[in-house]
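Below is one structure, written out as structure tokens; comments come after it.
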Amino acid sequence: MFGLYESAFGALTWGNIVMLLIGGLLIYLGIARKMEPLLLVPIGFGVLLINLPLGGLMEVTVDGRPVGLLAWVFRGGITTELIPAFIFLGLGAMTDFGPLIANPKTLILGAGAQFGVFFALIIALLIGQAFPDFLDISIEEAAAIGIIGGADGPTAIFTANELAPQLIGVIAVAAYTYMALVPIILPPVIRLFTSKEERAIYMKPQLRKVSKREKLFFPIIGAAVIILLVPRSAPLIGMFMFGNLLVVSGVTERLADTAANAFMNILTILLGLSIGAFMDAESFLQGESLVILGLGVIAFAASAAAGVLLAKLMNLFIKDKLSDELAKEAGEKVAAVRYALRGADLEVIKTASQELSDTIQKVSTKVYQQLPPGEQPPPASGDGSDDEGTVESVIRNNADRLVNTAEKMLLDSKRKINPMIGAAGLSAVPMASRVVQRMGQQANPRNFLLMHAMGPNIAGVIGTATAAGVFLGILG
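First residue of the sequence shown: -1, per our numbering; consecutive thereafter.
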């Protein structure tokens, strides 16, 4: 007999309804707001499926053997840690280590940004000790929560699965949601810890060219060194470096293309659905979930702040090629020529240009040792022509060229790091780098910080995976 009593409507609880709304919200954020749609849409749909009663998608037998469709996916992909590790394979195939190799000191910024991971761990433990009756957080759970600060979803899932499997759903949602919110979270943190002048620090847009040999050896040597130092990072670091090797080897294009596209897309679907299916009302709607979501924001902000502060600390030990006095003198001479060009007195322009030319000679010995070909300062006087109009145009053109030469030298003399790129030490690639690029342009239209920010951004992926390996080695 068929009737309403045989449907699942009677089994719906208020908890199911709340979770259905949460699932709908995740789908809305992914589709309408385009916030990490590749993950939030399948996670949200997984939440819907698991909170529709009697579906049996996550059903298991008494001895834990999976029966439901998504239970098989979860056990085969998440519990065994295959999916997070293989996602790192795809990420490696999509990553260019060039910016990191070209500027190795950005590796320090990526490592420094992991401060938020350990900061959130400590805060979680303190909350657990302060309110033991309300929230009892073990050190394993605190470590799993802390890894959210690395802004790396697969690493957070990988760590939570081993240290705190009961929290994997909320940790995954927190990690991916806050990754999508990077454009909202980062700017206030950066502004809080930097001045307008620091945000305007110029960095030459061109990085040195990285050879194919360097790109080939980096994943091999990098994997060996990191895994020897932190053995438990092997699944993530090993797959990440192998995926990159497929790209840079130049002989495995088909494998690299499959890893970065079809394989990655399949894994993303399975990951999203299985994580969403773990978010049933009974396990998700706990006070602990709200604390984890709050700690996730703290961890993100702390990681970004630590990266910025570390970059500022590094600047204390980095000296520009020019002394402050010589840089100031050059700036004043440039301003004098610009002011003279506004008037009609050619003698004033010639005098100011000659003084700037003399200063350029002093600056060039500091910046280039000698002026590079084609950069020799032009003469500060005319070419001897009797044509008054020609003489004036030559003098003015020469003055303009001197100004351009001096300004380029002043820019080339800069060695300091724009501290904003430290905030890109989060693993959210390339969202964090894009935020830094946009803010850099706002502070100084000459700045193109994207490639500089990609260095710590990629280093952040390595750093978070290494931090996870440390946690697993100590607590796993």
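All C-beta atoms, glycine included, are put in the ideal place defined by N, C-alpha and C.
Item                                                                                                                                                                     : Value
Roughly how far, in whole angstroms, is the beta-carbon of L24 from the beta-carbon of G53, given that I think they are within contact range, below 8 Å?                 : The Cβ separation is near 18 Å, so there is no contact.
Excluding the five sequence neighbours on either side, which residues of its own chain have a C-beta within less than 7 Å of the C-beta of V468, listed in chain order?  : V228
Going by DSSP in three states, V58 sits in which element: helix, strand or coil?                                                                                         : strand
When you compare each of M56, A457, A83 to F261 by their alpha carbons, which one comes out closest?                                                                     : A83
Would a C-beta distance cut-off of 8 Å place G270 and L80 closer than the cut-off?                                                                                       : no
Threshold first: 3 residues or longer. Then list the beta strand (DSSP E) segments lying entirely within the stretch 170 to 252, N to C.                                 : none
Under a three-way DSSP split, which group does P64 fall into?                                                                                                            : strand
How many Å lie between L214 and P181 at the Cα?                                                                                                                          : 33 Å
Within the same chain, show all residues whose beta-carbon is closer than 7 Å to that of A222, passing over the 5 residues directly before and after it, in chain order. : none
Could you compute how far the alpha carbon of K207 sits from the alpha carbon of N101?                                                                                   : 10 Å
Would you identify the three-state DSSP class for L503, choosing helix, strand or coil?                                                                                  : The structure shown does not extend to residue 503, since the chain is modelled only from -1 to 474, so the question has no answer here.
Work out the CA separation of L243 and L10 for me, nearest whole Å.                                                                                                      : 50 Å
Using a 10 Å radius around the Cβ and a threshold of 16 neighbouring Cβ atoms, would you call S301 buried or exposed?                                                    : buried
Tell me which residues share the same chain as A170 and place their Cβ nearer than 6 Å to its Cβ, disregarding the 5 neighbours each side in the sequence.               : I155, I273
Can you list, in chain order, the residues of its chain with a C-beta nearer than 6 Å to that of G458? Leave out the 5 residues immediately preceding and following it.  : G108, A111, G423, L424, S425
Let's see if you can read the secondary structure: which residues bound the alpha helix (DSSP H) around K480?                                                            : Within the shown structure, residues of the chain are numbered from -1 to 474, placing residue 480 beyond reach of any answer.
Could you spell out where the alpha helix (DSSP H) holding Q127 opens and where it closes?                                                                               : 113 to 128
Whole angstroms is fine: what's the gap from A451's alpha carbon to K310's?                                                                                              : 15 Å
For G341, which three-state DSSP category applies?                                                                                                                       : coil
Using a 10 Å radius around the Cβ and a threshold of 16 neighbouring Cβ atoms, would you call P152 buried or exposed?                                                    : buried
Have a look at M56, P454, G90, G8 and flag the residue whose alpha-carbon is nearest the alpha-carbon of D476.                                                           : Shown here, the chain extends from -1 to 474; a query on residue 476 therefore has no answer.
Which whole runs of the alpha helix (DSSP H) in the stretch 423 to 473 are 4 residues long or more, in chain order?                                                      : 429 to 441, 448 to 473
At which residues does the alpha helix (DSSP H) containing M312 begin and terminate?                                                                                     : 285 to 313
Within its chain, find whatever has a CB closer than 6 Å to the CB of E196; leave out the 5 residues flanking it on each side and keep chain order.                      : P417
Where does the unbroken alpha helix (DSSP H) through T78 begin, and where does it stop?                                                                                  : No alpha helix (DSSP H) contains T78, which DSSP labels as neither H nor E.
From I145 to A465, what distance separates their C-alpha atoms?                                                                                                          : 8 Å
Between R340 and A333, what straight-line distance do the alpha-carbon atoms span, to the nearest angstrom?                                                              : 11 Å
According to the Cβ coordinates, are L133 and V295 closer than 8 Å?                                                                                                      : no
Measuring CB to CB, does L46 end up less than 8 Å from A421?                                                                                                             : no
Out of A69, T266, A142, A397, which one is the CA nearest neighbour of I472?                                                                                             : A142
In whole angstroms, give me the CA-to-CA distance for Q352 and K103.                                                                                                     : 40 Å
So, helix, strand or coil for E405, using DSSP?                                                                                                                          : helix
For my contact list, I224 and I235 are in at a C-beta cut-off of 8 Å; report their separation, rounded to the angstrom.                                                  : 5 Å
So what's I143 in DSSP terms, helix, strand or just coil?                                                                                                                : helix
Looking at the structure shown, is P97 part of a helix, part of a strand, or coil, going by DSSP?                                                                        : helix
Helix, strand or coil: how does DSSP classify P376 here?                                                                                                                 : Reliability fails at P376, whose pLDDT of 46 lies under 50, so the model's placement of it is uncertain and the value that follows must be treated cautiously. Three-state DSSP puts P376 in coil, outside helix and strand.
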